[in-house]
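**Student:** According to my numbering, the sequence shown is numbered sequentially starting from 7.
For glycine and all other residues, C-beta sits at the position ideal for the given N, C-alpha and C.
Here the structure is a predicted model, which means the values were calculated and not measured.
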Amino acid sequence: MKDWIGWFAALISILAFGSFGAPIKSPVVQQLQVDPLVFQSYKTFLCFVTSWPIFFFGGIPFSFTSWGIVSGFFWVPGGIATVYAIQSAGLAVSIGVGNSCIVLVSFIWGIFIFKEDIYSKIGACVAIIFMMAGIVGMSVYSAAKAPEYEECDDEEKEEVNDGENNSNNCSSNNDAVSVFGCKLKRRTLGIMAAVFNGTWGGSIMVPMHFSNTTTSGLGYVISFAIGASIVTLLCWMLVYLSGHPLPSLHIRQIWRHGCLSGLLWSIGNVGSMISVQYLGEGVGYSVIQAAMLVAGLWGIFFFREITQSLTIIKWFLSAALTVSGILLLSYEHEKA
């Protein structure tokens with residue numbers, strides 16, 4: 007029985023997916039107000055680069071499927087939305103809101119559309135409800151105040167403006183954002199972006215189900231990387247054709263942050279493919295959304311997004327509910 011491979015891959019994916027957003031919260035990235043497309047491009051680049059060692063050293067034959075491009079259309083827009091959400095609403099709440107939507111989308115695909123085997127649909131539904139309730143609770147109790155960009159000190163200004171004219175990057179941030187003539191709080195728009203990522207990006211692994219056996223699991227990594235690169239380039243072309251100035255890559259300032267975030271996401275992506283291959287979409291990809299546990303710990307203990315003891319206790323109670331859902335879902339899969 008090889009289910010342990012899927013569960014181990016899911017664990018690695020949870021740790022990586024829960025941590026990839028941390029570099030986006032670094033002071034340099036926040037002060038530069040890096041365009042979400044730019045940071046997503048770093049993630050795509052690392053996803054592309056890290057896919058080839060699997061081909062050369064992992065004994066996986068090269069095989070490309072156009073379904074990888076379809077996955078790219080799900081991931082890249084969702085990834086851009088995630089970066090914006092983390093910048094605007096905070097790490098823990100953005101990952102939490104997005105992941106709760108992903109759990110629901112993945113479960114619907116896996117159990118009700120692909121008809122993946124489980125012991126009891128009722129038991130699996132209860133497990134998903136536990137997970138979603140826990141993730142929503144963690145999101146609520148890890149809600150950070152809307153980000154404010156304070157005036158930089160001299161040392162920070164030197165780092166931010168190194169080699170580029172970014173004179174406005176250290177000014178205070180306006181909380182209101184105009185969208186189609188409507189004024190929305192930046193935090194509200196960030197949460198909406200997280201919901202978009204969850205509902206749209208939640209189908210990222212679905213195309214892999216339609217590929218053949220040679221392009222599933224680890225064999226899908228290269229197709230996914232190529233597809234994501236194509237979609238990312240299309241996004242840059244759309245920006246150029248729209249007449250808007252192309253955003254700066256800020257290579258000298260944020261290449262470490264961008265590459266680290268991309269590397270962590272790529273590790274999580276490989277783990278998710280293996281998890282889905284062995285556990286199925288409904289179980290494998292749903293369980294991975296427990297990455298919210300890791301993202302919440304980053305938000306609470308490193309970025310200090312919440313400091314009240316009672317709120318932290320409530321967060322851990324919500325986390326316990328999420329873990330209970332994961333254990334129940336694993337039980338339903340083991341009995342299949």
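1) Tell me the rounded alpha-carbon separation between residue 291 and residue 20.
2) Please return the same chain residues whose Cβ sits closer than 7 Å to the Cβ of residue 61, not counting the five positions on each side in sequence.
3) From residue 277 to residue 18, what does the alpha carbon distance come to, in whole angstroms?
4) Does the pairing of the stretch 90-108 with the stretch 291-309 give three or more beta-carbon distances under 8 Å?
5) Is the Cβ-Cβ distance between residue 105 and residue 135 less than 7 Å?
6) With three or more C-beta pairs closer than 8 Å as the rule, is the stretch 46-54 touching the stretch 311-327?
7) Applying the criterion that 16 or more other CB atoms from any shown protein chain within 10 Å of the CB defines a buried residue, is residue 256 buried or exposed?
8) Closest by CA to residue 305, which one among 185, 26, 15?
9) Pull the bridge partners of residue 190 from the DSSP assignment, please.
10) Spatial neighbours of residue 42 within its chain, please: CB distance less than 6 Å, with the 5 preceding and 5 following residues excluded, ordered by chain position.
11) Within its chain, find whatever has a CB closer than 6 Å to the CB of residue 54; leave out the 5 residues flanking it on each side and keep chain order.
12) Run the CB neighbour count on residue 8, radius 10 Å, all protein chains shown included, and call it buried at 16 or more, exposed below.
13) Please identify the residue among 225, 254, 294, 212 whose C-alpha is closest to the C-alpha of residue 81.
14) Do you know how far the Cα of residue 217 is from the Cα of residue 364?
15) Between the alpha carbons of residue 314 and residue 71, how many angstroms are there, rounded?
16) Per DSSP, what kind of secondary structure is residue 123 in: helix, strand or coil?
17) Is residue 252 buried or exposed, if buried means 16 or more other CB atoms sit within 10 Å of its CB?
**Tutor:** From the atom records:
1) 10 Å
2) 68, 228
3) 6 Å
4) yes
5) no
6) no
7) buried
8) 26
9) 183
10) 86, 89, 90
11) 231, 235
12) exposed
13) 212
14) Beyond the ends of the chain as shown, which are 7 and 342, falls residue 364; an answer cannot be given.
15) 50 Å
16) coil
17) exposed
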